[in-house]
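Per the numbering used here, the sequence shown starts with residue 175, numbered consecutively. Every residue, glycine too, gets a C-beta built ideally from N, C-alpha and C. Notes follow the structure.
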Amino acid sequence: MGQQFIQQNSPSSPKDPKNIRLKSRSSLEAIKQKEMDSQAPARAVSSFSPVFDHTESTPGQYIEIVPGFRMTLNEADKALNLYRSFYTSYFPFVPIPVTMTALEMDSETPFLLRTILQVTAPVNHTIQKKVQTWFREHIAQHVLVEGERRLEVLQAIIVFVAWGDFQFYIEPQATDLLQLSEAIMLDLGLNRPPGSLGGAVRLSFVPEATRKLRLGHKRESHNLDDKRTMLGCYYINSLIATLFRRIRCFGNTPYLTRCCEAVLEAQEYESDQLLVSLVRMQRLLARISDSFPGPDVDETPGPFLDAPLHMVMATTRKEIDALVQSQPPEVKNNALFWIHYYGVLIRLYEPAIHMQPLLTSGNPLESTHRTEALWGCLQAAKDFFVAYTAIPLAKLGSMPLMPTTYLSFAFVTSSRILLLDDSDWSAHLARKTFDFATACQSLSDRLYEADRLAQVVGGRRKFDDAGKSVLYSTCMKVQWIREWYTAKTSLADDRTNTAPTSLSTNQAMDLDQSLQESSFVPIELDQEFWQVLLDLNGTSTWSG
Numbered sequence: 175m176g177q178q179f180i181q182q183n184s185p186s187s188p189k190d191p192k193n194i195r196l197k198s199r200s201s202l203e204a205i206k207q208k209e210m211d212s213q214a215p216a217r218a219v220s221s222f223s224p225v226f227d228h229t230e231s232t233p234g235q236y237i238e239i240v241p242g243f244r245m246t247l248n249e250a251d252k253a254l255n256l257y258r259s260f261y262t263s264y265f266p267f268v269p270i271p272v273t274m275t276a277l278e279m280d281s282e283t284p285f286l287l288r289t290i291l292q293v294t295a296p297v298n299h300t301i302q303k304k305v306q307t308w309f310r311e312h313i314a315q316h317v318l319v320e321g322e323r324r325l326e327v328l329q330a331i332i333v334f335v336a337w338g339d340f341q342f343y344i345e346p347q348a349t350d351l352l353q354l355s356e357a358i359m360l361d362l363g364l365n366r367p368p369g370s371l372g373g374a375v376r377l378s379f380v381p382e383a384t385r386k387l388r389l390g391h392k393r394e395s396h397n398l399d400d401k402r403t404m405l406g407c408y409y410i411n412s413l414i415a416t417l418f419r420r421i422r423c424f425g426n427t428p429y430l431t432r433c434c435e436a437v438l439e440a441q442e443y444e445s446d447q448l449l450v451s452l453v454r455m456q457r458l459l460a461r462i463s464d465s466f467p468g469p470d471v472d473e474t475p476g477p478f479l480d481a482p483l484h485m486v487m488a489t490t491r492k493e494i495d496a497l498v499q500s501q502p503p504e505v506k507n508n509a510l511f512w513i514h515y516y517g518v519l520i521r522l523y524e525p526a527i528h529m530q531p532l533l534t535s536g537n538p539l540e541s542t543h544r545t546e547a548l549w550g551c552l553q554a555a556k557d558f559f560v561a562y563t564a565i566p567l568a569k570l571g572s573m574p575l576m577p578t579t580y581l582s583f584a585f586v587t588s589s590r591i592l593l594l595d596d597s598d599w600s601a602h603l604a605r606k607t608f609d610f611a612t613a614c615q616s617l618s619d620r621l622y623e624a625d626r627l628a629q630v631v632g633g634r635r636k637f638d639d640a641g642k643s644v645l646y647s648t649c650m651k652v653q654w655i656r657e658w659y660t661a662k663t664s665l666a667d668d669r670t671n672t673a674p675t676s677l678s679t680n681q682a683m684d685l686d687q688s689l690q691e692s693s694f695v696p697i698e699l700d701q702e703f704w705q706v707l708l709d710l711n712g713t714s715t716w717s718g
């Protein structure tokens, strides 16, 4: 029966909301009790699924993904419809024609079909783990062992990564798939016009046989699916590289512009407009990263925000705002687009945190520029959390990778700028402008409510390695961040009220060592995340 894939009640699901409602609490003990409650068996919930039914089918009408997880053709068709109507509207790089059935996909692109089905189906933690293992085994066998280089494989990888269980920040297990996707894209020659070998190959004395070998997987022409897939591969890899300061191997090229124009001109899918908008926004983000490298690039002191750098920020902001204003209503009404917009603004102004203050500059104008940039970063962070909490509850648990990536970056940047002790900045006034604790509480409440909604209606829920609901686990992490921040700012405000704060040379407030060593830092939170969050000087970064 197709019901094998239906969402099962997880032993880690939270109890009834009235028992653990996540409203403002002042003590960590209350949060710890909530976490203990989450380990208790959940009450029975309806197994009704709004997406799938359980129509009787003959054995030949099943589509099996892994043992214990199969769908009838009717269920698979409904899953594809869900993917078209919801998932593609947030990740438009691998659309499926409305006329294509699951049976046709099973014949033409079976791996991509099964990847999409596992993304949309509400399955329990055990099945999700089996699917992850199956996916990697399939990739290893067909790509690494048999040397396959097919568009279907590349599409499946970016869909899997886009909705993979790489939560809260990008875990190391995602890195190999991201690198593999880029390698397959290069092998297929999707990163440049068909027939182009690149300058290095044209000018070299490579034997003709080697040239033919290099061209073995390259496609003679690029259709719209090729171009969308290439743009999706660029989008994901570039986003991770620019936000988490990794090396970008796939830079901005004229061919990216040509592909965007071709996709936009064809207007094959309604989602193509969003696709082009996201890529163009990401290209601006990549340019920001090139203009303002992270503080970890070298160990020299940060630069001053002089007139040229200030002009770069100002002109880039004008480009970003112009791009937003040019979007049609269907793009402006997409919550994902605004998360991207405010996330890019945070990254634009974030370098000012690491730049040198007025005392070492000697130019009052530079101090004004830096304070203006810091304020822009603060306002962007505030607006980001408002936009994130505006995501509909029914969609919050099924958003792709990008919002999660920006959320991690926003948490770290917000904590740094709100605790920045600097002659160009007033952290006390900043905290009055942006109530970070309240923003965390609102987000935590939304995550909790979204998880409960998915559980009640039988929707898809992601689970972490411990079998906990990812939404609920993230809810608890946000609560921990809120408690950490509240305690830290209370200490800082007490010092402000009792004695003048000495000015530092771009040093954030010293963290109280006892706070770091206490039970305040939960062991469930990834150590690397906390290392970056607690390192307010900005010297630590995610390694992935």
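The C-beta of glycine 406 has 16 or more other C-beta atoms within 10 Å across all chains shown, which makes the residue buried.
Spanning the alpha carbons of alanine 415 and glycine 425 requires a straight line of approximately 11 Å.
Exclusion of the five residues before and after valine 437 leaves Leu398, Lys401, Arg402, Leu405, Asp446, Leu449 and Val450 as the residues of its chain whose Cβ lies within less than 8 Å of its Cβ. Take the alpha-carbon of arginine 491 and the one of leucine 519: they are about 8 Å apart. The beta-carbon separation of valine 333 and isoleucine 410, rounded to 10 Å, does not stay under the 8 Å limit for a contact. Put simply, the backbone Cα of serine 355 is about 45 Å away from that of histidine 602. Shown here, aspartate 595 sits in a strand according to DSSP, grouped into three states. Taking each of Arg244, Glu249, Ser259 and Tyr264 in turn and checking the Cα distance to threonine 578, the smallest one comes out for Tyr264.
Sorting Ser664, Glu657 and Ile313 by C-alpha distance to the C-alpha of glutamate 322 places Ile313 at the top. Residue range 284-294 is occupied by the alpha helix (DSSP H) that includes phenylalanine 285, with no beta strand (DSSP E) assigned at that position.
Between valine 486 and serine 465, the C-beta gap is smaller than 8 Å, which places the two residues in contact. Between the alpha carbons of leucine 552 and arginine 590 lies a gap of roughly 10 Å. Residue state for arginine 635 is assigned as coil, using DSSP reduced to three classes. Shown here for arginine 461: same chain residues with a beta carbon closer than 8 Å to its own, the five before and five after excluded, namely Asn426 and Thr490 in chain order. Cβ contact annotation for alanine 440 (same chain, cutoff 8 Å, sequence separation greater than five): Leu398 and Asp446, in chain order. Nearest C-alpha to serine 572 among Val305, Ala624 and Asp350: Ala624. Considering only Ile655, His528, Leu413 and Glu435, the residue with the shortest C-alpha distance to aspartate 596 is His528.
Annotated three-state conformation of threonine 275 is coil, per DSSP.
8 Å or more divides the Cβ of alanine 526 from the Cβ of leucine 510. A residue is called buried when at least 16 other Cβ atoms come within 10 angstroms of its Cβ; proline 531 meets this threshold and is buried. Per DSSP, reduced to three states, the secondary structure at tyrosine 264 is coil, with no helix or strand assignment. When secondary structure is reduced to three states using DSSP, threonine 427 falls in the coil class, being assigned neither helix nor strand. The bridge partners DSSP lists for tyrosine 236 are Thr246.
The beta carbon of isoleucine 565 is closer than 6 Å to those of Ala509 in its chain, skipping five residues each way along the sequence.
Between leucine 254 and isoleucine 237 the beta-carbon gap is near 11 Å, outside 8 Å, which marks them as no contact. Secondary structure of serine 465 (DSSP, three-state): helix. Ranked by Cα distance from leucine 617, the options Val560, Leu325 and Gln292 are led by Val560. At least 8 Å separates the beta-carbon of threonine 663 from that of aspartate 598.
Nearest to phenylalanine 608 by C-alpha distance, out of Ala584, Ile301 and Met359, is Ala584. Under the 10 Å beta carbon count, glutamine 353 is surrounded by fewer than 16 other beta carbons and is classified as exposed.
Taking the Cβ atoms as the reference, tryptophan 337 lies roughly 5 Å from valine 293, within the contact range of under 8 Å. Arginine 288 and isoleucine 239 have their alpha carbons spaced roughly 6 Å apart.
Across the set Arg244, Leu247 and Phe260, the C-alpha of Phe260 shows the shortest separation from the C-alpha of proline 574. Residues Phe285, Leu286 and Thr289 of the same chain have their beta carbon placed closer than 6 Å to that of alanine 330, with the five preceding and five following residues left out of the count. Bounds of the alpha helix (DSSP H) holding glycine 406 are 398-417.
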